[in-house]
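In the numbering used here, the protein residues as written are 49 to 411. Ideal Cβ placement from N, Cα and C applies to all residues, glycine included. Below is one structure, written out as structure tokens; comments come after it.
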Ligand code: SF4
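Right, here's the structure in full:
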């Protein structure tokens, strides 16, 4: 059995560590790129969302590298995600990869123990102690990656030489990938955070604060959103994103099982406008706008084209009384970087004018 799985940001790093420690034969397909997208688009039904198309491209590329058992995130929610694993398996069979099995892994419904049981099966019944130890190192890597990324989001906006934080970030990601024990990981994490904080900054910079909300996959896979956070950083904007995989894992696998609902605050904020879960992350998108309207200068809403939950959220957002500018960006294979950059520049310009107007009114 050779395992493959789709990409989503840096999540391949903890999974790679987990599988390597359990001696599971695991192939890493190329990070999502133009070829991945074009493979996915060519073999997907046209109306499906970009997460389906890009992950299908990843699965095809993993299959080309010899993977025969593919893990695909799944879910029992209202959106189409729950059908993706079986649809993608059928497409792979139609393409002639007859022995491929696509296993839908529903993190939210399986919870921690269910997930560990799947890992046990994949690792040929490895002892629990080894599974837990491998799982722990994966989680530690995940936490380190996210902590460093949070710092990068702040530094990009104020660094004197644009691109310095990104270079350090790339080195940090590589070092975390290569680290093999907790001590090294801790050193890498603290070392890179310190280096990032020492980057020369523009002393006059007062960055705009822009929240990023929207659908899970496009928030976390930079290729699918045309690296929007980096582009905002270049424009001197500090990005705030609620969703990090480490936080989501803590919530879905641990806290939720203990009956703690970290999302309650966001859902409560959305209640006057949307009374229930509508699948995907639509409820959270509305809640985030309401919750952070006073704190952020603006909000970027990332919505995959044809994603029903985000279409609903997009249509509700203009009518909330908590009013901050929102720019919805539809992510799709048709979205071009130049088009997105033009809209980002205009949006940032608008936010700056609003800030200046607020400032002038005060004096
Ligand atoms: S939430 Fe939207 S984009 Fe995400 S999988 Fe479901 S339909 Fe696709």
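Item: Residue 150 classed as buried or exposed, judged by whether at least 16 other C-beta atoms fall within 10 angstroms; Value: buried
Item: Residue 259 burial status per 10 Å Cβ neighbour count (16 or more: buried); Value: buried
Item: Between the CA atoms of residue 93 and residue 107 - distance to the nearest angstrom; Value: 16 Å
Item: Within 8 Å, strictly: CB atoms of residue 398 and residue 373; Value: yes
Item: Closer than 7 Å: residue 328 CB and nearest the ligand SF4 heavy atom; Value: yes
Item: Cβ-Cβ distance between residue 425 and residue 337 below 8 Å; Value: What the structure shows of the chain is the stretch from 49 to 411, and residue 425 is not part of that stretch, so it cannot be assessed.
Item: Residue of 205, 100, 290 minimising C-alpha distance to residue 339; Value: 290
Item: Inter-stretch contact (C-beta, 8 Å, three-pair minimum) for the region 201-210 and the region 174-191; Value: no
Item: Nearest candidate by alpha-carbon position, reference residue 380, set 86, 299, 63; Value: 86
Item: Proximity of residue 78 and residue 120 at Cβ, strictly below 8 Å; Value: no
Item: Selection from 217, 344, 389, 191 that minimises the alpha carbon distance to residue 233; Value: 191
Item: DSSP-derived helix/strand/coil call for residue 74; Value: strand
Item: Where residue 209 sits in the DSSP three-state scheme; Value: coil
Item: First through last residue of the beta strand (DSSP E) which encompasses residue 378; Value: 374-379
Item: Spatial neighbours of residue 247 in its chain, beta-carbon cut-off 7 Å, leaving aside the 5 residues before and after; Value: 203, 207, 212, 213
Item: Burial state of residue 273, where buried means 16 or more other Cβ atoms lie within 10 Å; Value: buried
Item: heavy atom of the ligand SF4 below 7 Å from residue 324 C-beta; Value: no
Item: Extent of the continuous beta strand (DSSP E) to which residue 95 belongs; Value: Run containing residue 95: none; DSSP gives neither H nor E here.
Item: Nearest-angstrom Cα separation, counted from residue 376 out to residue 127; Value: 20 Å
Item: Closer than 7 Å: residue 265 CB and nearest the ligand SF4 heavy atom; Value: yes
Item: Residue 194 versus residue 267 - alpha carbon distance; Value: 13 Å
Item: Cα-Cα separation, residue 279 to residue 205; Value: 10 Å
Item: Host beta strand (DSSP E) of residue 351 (start-end); Value: 346-352
Item: Residue 69 versus residue 52: straight-line alpha-carbon distance, rounded; Value: 16 Å
Item: Residues near residue 378 by beta carbon distance below 8 Å, same chain, minus five either side; Value: 351, 352, 353
Item: Distance between beta carbons of residue 293 and residue 237, contact taken as under 8 Å; Value: Residue 237 to residue 293, Cβ: 16 Å. No contact.
Item: Those residues which DSSP pairs with residue 117 across a bridge; Value: 51, 149
Item: Contact under 8 Å by Cβ, residue 263 with residue 201; Value: no
Item: Identified DSSP bridge partners for residue 259; Value: 288, 347
Item: Contact under 8 Å by Cβ, residue 241 with residue 286; Value: no
Item: C-beta contact flag for residue 105 and residue 84 at 8 Å; Value: yes
Item: Residue 137, enclosing alpha helix (DSSP H) - first and last residue; Value: 129-142
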